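**Q**
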Amino acid sequence: MPVRNAAIAAIFDEIADLLEIESANPFRIRAYRNAARTIQGLGADLRVLLDQGEDLTQIPGIGKDLAAKIKEIIDTGSCAALRKLHERVPPALSDLLRIPGLGPKRVGALYKALGIRTRKQLQSALQQRRIRNLPGFGEKTEARILEVLQADLQKKRHFQLVTAAGYAESLVKYLKDTKGVQDVIVAGSVRRCKETVGDLDIVATARRDSPVMDRFTAYDEVKEVLSQGTTRTTIVLKCGLQVDLRVVPKTSLGAALQYFTGSKAHNIAIRRLGQRRGLKINEYGVFKNDRRVGGATEKSVYASVGLAYMPPELRENRGEIELARRGPLPTLVQLPDCKGDLHCHTRASNGGNSIREMALAARAHNLQYLAITDHSKGSSIARSLDERRLLAQWQEIDRLNDELEGIYLLKGIEVHILEDGRLDLADTILGQLDLVLGSIYSDFGLSRAKQTRRIQRAMNHPHFSILADPSGRLLEERGPINVDMARVIHEARNRGCFLELNAQPKRLDLVDSYCQMAKQEGVLISIDSGAYRTSDFDNLRFGVGQARRGWLTPADVLNTSSLGKVCKLLKRTMQ
DNA sequence: GCCGTTTTCGGCCCGACTGTTTTCAGTCG
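All the letters of the first sequence, read from the start, carry residue numbers 472 to 1046 under the working numbering.
Encoded structure:
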């Protein structure tokens, strides 16, 4: 099994953990953490980059030393520096760092003073009250850690964006209805449209006498108040979602929003830029020698370091700052740019509504065209369509196209890509459709080589239009298939076909880094709802959010085109 | 360990809250 980026990032993170417990130079630790984060978000496979002879030190945060370690890990599967570290610090200690309330100093102290290496040893020492007498520990700390261990609270859940956004929107509404409150805005990873969210960050401005913090902790859904101050309060909701509320003066709103939207890596990079200009940037504003020079708006914060306003979805320190320094940022795709939707299901297969209902709902969402793409016969999904039922569906689509104004229905299918790459409907049928989505619905576990070949063969089919659900993943349920996506994207370009970004919250598939790759290759992405019922068209906004995270502009998206142009593009010509 | 319009050394983002402390270290985001 070849070493992948995630494994390299994990090794760097472990080195950082253990160095931290050793109280090593904090900047050296940060260098490992930064590198781990960069590697994880990297669009390209490091092994492939090395094979192509690329210079890894060109990657920000990777210098001579780390480049050599990456090469060592890829070549040998392990890292001598980590092995050496293990001789001094037991590897198990990095697990103790995951326990809230325990940081490197305390984990180090527990190990040095009491020899504690595991959760089990920790729990027994806590129960024997041996920890309260260590320097820096006390009764409260002992009780809190024991509580966390017993309740298994350390398992911090991640929530799908749609779920987190739902909680956030309710809370915003509740907080806005407080005396003296002016603005309440969701920041953090929800604002950046990350596919999963660990906690909510809410920024508010309020008059000094506003009871907003008390109202926050009194919210119906609160399970626990972790900390409460005048400017910051942290709670945990009954569902387990942690929420931070920050209250700042109106003049600091921009700085606070910028600060709490993150990402952390992006902010560090921005503040470093500020530092070089002699500026101090914090959540209250931009300061030059204690004189405020910006911070009322986010735009003013970016302007202070010579950059244009940056959409939240870009703020991941994945090259957006360099991009902004070179010239104007791309104008990212927005929901109203999407003129149609090329993937939905009806009652004919496993959807919940009729074709007419889906058409009317799409029109109500300001879409001009909608492709009906029920499942084909070979899929294991109940009531999938055979040739006979498909022909009947076409007649109904024709009738509706005659009847309905303002929405045009395209005839499509979501065809099952068989294990050997064939499609499970006859060519004569496929040739009569306006578009053919190809999806993988079985044999998820094929080897990388086989899976890649399977998709390439499917795309070879002259009537194949769009690779739907490209990775097949379902968040928290099923991981992505093992496939050489860079190659798939490249081959899609050669064959004139497209990739989908399925906007269902549990899919959000294609991921942002592959969207970027597709953009670079010139492969258009179709942002589709994959709707099963009329309400699912609401999900398109999450697909657009993901596309924006992948730096896509309207020109990079297939369904921003007019109906006429889309039909032309779908009639791909083999190259 | 990385980085460079202070360029091969000497910097490296910044503040809030808690608990254990008598002024601050540790943790967190």
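Note that CB positions come from ideal geometry on N, CA and C, so glycine has one too.
Keep in mind that this is a model prediction, so the values were computed, not measured.
#1: Looking only at its chain, what residues have a beta carbon closer than 7 Å to the beta carbon of Thr-528, apart from the 5 residues adjacent to it on each side?
#2: Alpha helix (DSSP H) containing Val-683: first to last residue?
#3: Glu-784: which of Ile-673, Val-661 and Thr-817 sits nearest, CA to CA?
#4: Within this structure, are the beta carbons of Leu-724 and Ala-658 separated by less than 8 Å?
#5: Tell me whether Asp-488 sits in a helix, a strand or coil according to DSSP, three-state version.
#6: Alpha carbon to alpha carbon, how far is Tyr-503 from Ala-414? Give it in angstroms, no decimals.
#7: Contact defined as beta carbons within less than 8 Å: I believe Leu-1034 pairs with Gly-811. What is the distance between those atoms, to the nearest angstrom?
#8: For His-846, which residues does DSSP report across the bridge?
#9: Would the beta-carbon of Glu-858 fall within 8 Å of that of Ile-900?
#10: In the DSSP assignment, what residue or residues form a beta bridge with Lys-759?
#11: Out of curiosity, what's the CA-to-CA distance linking Arg-924 and Ala-495?
#12: According to DSSP, simplified to helix, strand and coil, what is Arg-743?
#13: When the Cα atoms are used, what is the spatial distance from Val-764 to Gly-756?
#14: Are Met-988 and Gly-579 close, meaning C-beta to C-beta below 8 Å?
#15: Confirm, please, whether the CB-CB distance from Val-683 to Thr-705 is below 8 Å.
#16: So, helix, strand or coil for Phe-483, using DSSP?
#17: How many whole angstroms separate the CB atoms of Cys-815 and Ala-842, which I take to be in contact at a CB cut-off of 8 Å?
#18: When you compare the CB positions of Ile-884 and Leu-908, do they come within less than 8 Å of one another, or not?
#19: May I ask you to report which of helix, strand or coil DSSP gives Arg-949?
#20: I'd like the ranges of any alpha helix (DSSP H) spanning at least 4 consecutive residues and lying wholly in the segment 768 to 795.
#21: Mind checking which residues open and close the beta strand (DSSP E) that includes Lys-751?
#22: Contact defined as beta carbons within less than 8 Å: I believe Ile-673 pairs with Val-633. What is the distance between those atoms, to the nearest angstrom?
#23: Helix or strand or just coil, what does DSSP make of Ile-570?
#24: Excluding the five sequence neighbours on either side, which residues of its own chain have a C-beta within less than 6 Å of the C-beta of Cys-1038, listed in chain order?
#25: For Ile-826 versus Glu-791, is the C-beta distance shorter than 8 Å?
#26: So does the segment 969 to 981 actually touch the segment 942 to 949, counting three or more Cβ pairs closer than 8 Å?
#27: With H, G and I counted as helix, E and B as strand and the rest as coil, what does DSSP make of Cys-710?
#28: Taking 8 Å as the threshold, find out whether the segment 1015 to 1024 comes into contact with the segment 541 to 553 through three or more Cβ pairs.
#29: Is there contact between the segment 763 to 777 and the segment 993 to 1002, where contact requires at least three CB pairs shorter than 8 Å?
#30: Taking just the CA atoms, how far does Val-643 sit from Lys-751?
#31: Rounded to a whole number of angstroms, what is the C-alpha to C-alpha distance between Arg-893 and Gln-927?
#32: Can you check which of these residues, Arg-966, Val-1015, Glu-971 and Leu-917, is closest to Val-954 by C-alpha distance?
#33: Do Asn-476 and Leu-517 have their CB atoms nearer than 8 Å?
#34: May I ask you to report which of helix, strand or coil DSSP gives Glu-695?
#35: What separation, rounded to the nearest whole angstrom, lies between the Cα atoms of Met-1045 and Ser-936?
#36: Kindly indicate the opening and closing residues of the beta strand (DSSP E) around Ser-910.
**A** With the structure as the only source:
#1: Residue 528 sits at position 57 when you count from the first residue of the first sequence. The residues are Gly-534, Lys-535 and Ala-538.
#2: As a working mapping, residue 683 is identified with position 212 in the first sequence. Note, Val-683: alpha helix (DSSP H), 683 to 688.
#3: Residue mapping note: residue 784 aligns to position 313 of the first sequence, counting from 1. Measuring from the Cα of Glu-784, the nearest candidate turns out to be Val-661.
#4: Within the first sequence, numbered from 1, the residue matching residue 724 stands at position 253. Within the first sequence, numbered from 1, the residue matching residue 658 stands at position 187. No, the pair does not count as a contact, with Cβ atoms beyond the cut-off.
#5: By one-based count along the first sequence, residue 488 stands at place 17. Asp-488 falls in the helix class under three-state DSSP.
#6: Within the shown structure, residues of the chain are numbered from 472 to 1046, placing residue 414 beyond reach of any answer.
#7: Translated into positions along the first sequence, residue 1034 becomes position 563. Translated into positions along the first sequence, residue 811 becomes position 340. 7 Å between Cβ atoms; contact.
#8: If you number the first sequence from 1, residue 846 lands on position 375. DSSP output for His-846 lists Glu-885 as bridge partner(s).
#9: Working through the first sequence from its first residue, we reach residue 858 at position 387. Working through the first sequence from its first residue, we reach residue 900 at position 429. In contact: Glu-858 and Ile-900 (Cβ atoms closer than 8 Å).
#10: On the first sequence, residue 759 is found 288 positions in, with the first residue counted as 1. DSSP lists Arg-762 as partners of Lys-759.
#11: To locate residue 924, count along the first sequence from 1; it is residue 453. To locate residue 495, count along the first sequence from 1; it is residue 24. Near 47 Å, if we compare the C-alpha coordinates of Ala-495 and Arg-924.
#12: Position 272 of the first sequence, counted from the first residue, corresponds to residue 743. Three-state result, Arg-743: helix.
#13: Indexing the first sequence from 1 puts residue 764 at position 293. Indexing the first sequence from 1 puts residue 756 at position 285. If you take the alpha carbons of Val-764 and Gly-756, they lie about 8 Å apart.
#14: Locating residue 988 in the first sequence gives position 517, counting from the first residue. Locating residue 579 in the first sequence gives position 108, counting from the first residue. No, the Cβ-Cβ distance between Met-988 and Gly-579 is not below 8 Å.
#15: Counting from one through the first sequence, the residue named residue 705 turns up at place 234. Counting from one through the first sequence, the residue named residue 683 turns up at place 212. No, the pair does not count as a contact, with Cβ atoms beyond the cut-off.
#16: One-based indexing of the first sequence puts residue 483 at position 12. Phe-483: helix per DSSP, three-state reduction.
#17: Position 344 of the first sequence, counting from 1, holds the residue named residue 815. Position 371 of the first sequence, counting from 1, holds the residue named residue 842. Cys-815 to Ala-842, Cβ: 7 Å. Contact.
#18: Within the first sequence, residue 884 is the residue found at index 413, counting from 1. Within the first sequence, residue 908 is the residue found at index 437, counting from 1. A contact, by the Cβ cut-off of 8 Å.
#19: Numbered from its first residue, the first sequence carries residue 949 at position 478. The answer is strand: DSSP assigns Arg-949 an E or B state.
#20: 769 to 775
#21: As a position in the first sequence, residue 751 is number 280, starting the count at 1. It spans 751 to 753 - the beta strand (DSSP E) in which Lys-751 sits, taken as one unbroken run.
#22: Numbered from 1 along the first sequence, position 202 holds the residue referred to as residue 673. Numbered from 1 along the first sequence, position 162 holds the residue referred to as residue 633. At roughly 18 Å, the Cβ-Cβ gap does not stay under 8 Å, so Ile-673 and Val-633 are not in contact.
#23: Counted from its first residue, the first sequence places residue 570 at position 99. In this structure, Ile-570 counts as coil in the three-state DSSP scheme.
#24: Within the first sequence, residue 1038 is the residue found at index 567, counting from 1. Nothing listed; no residue qualifies.
#25: Reading the first sequence from its first residue, position 355 is the one you call residue 826. Reading the first sequence from its first residue, position 320 is the one you call residue 791. No, the Cβ-Cβ distance between Ile-826 and Glu-791 is not below 8 Å.
#26: yes
#27: Locating residue 710 in the first sequence gives position 239, counting from the first residue. Cys-710 falls in the coil class under three-state DSSP.
#28: no
#29: no
#30: Walking along the first sequence from the start, residue 751 turns up at place 280. Walking along the first sequence from the start, residue 643 turns up at place 172. If you take the alpha carbons of Lys-751 and Val-643, they lie about 30 Å apart.
#31: Against the first sequence, residue 893 aligns to sequence position 422. Against the first sequence, residue 927 aligns to sequence position 456. Their Cα atoms are separated by approximately 10 Å.
#32: Counting from one through the first sequence, the residue named residue 954 turns up at place 483. Looking at the Cα atoms, Leu-917 is the closest of the given residues.
#33: Locating residue 476 in the first sequence gives position 5, where the first residue counts as 1. Locating residue 517 in the first sequence gives position 46, where the first residue counts as 1. Taking 8 Å as the Cβ cut-off, Asn-476 and Leu-517 qualify as a contacting pair.
#34: Numbered from its first residue, the first sequence carries residue 695 at position 224. Three-state result, Glu-695: strand.
#35: Mapped onto the first sequence, residue 1045 falls at position 574. Mapped onto the first sequence, residue 936 falls at position 465. Its pLDDT being 40, under 50, Met-1045 is placed unreliably in this model, and the coordinates cannot settle the point.
#36: In the first sequence, residue 910 corresponds to position 439, counting from 1. That run of the beta strand (DSSP E) goes 906 to 910.
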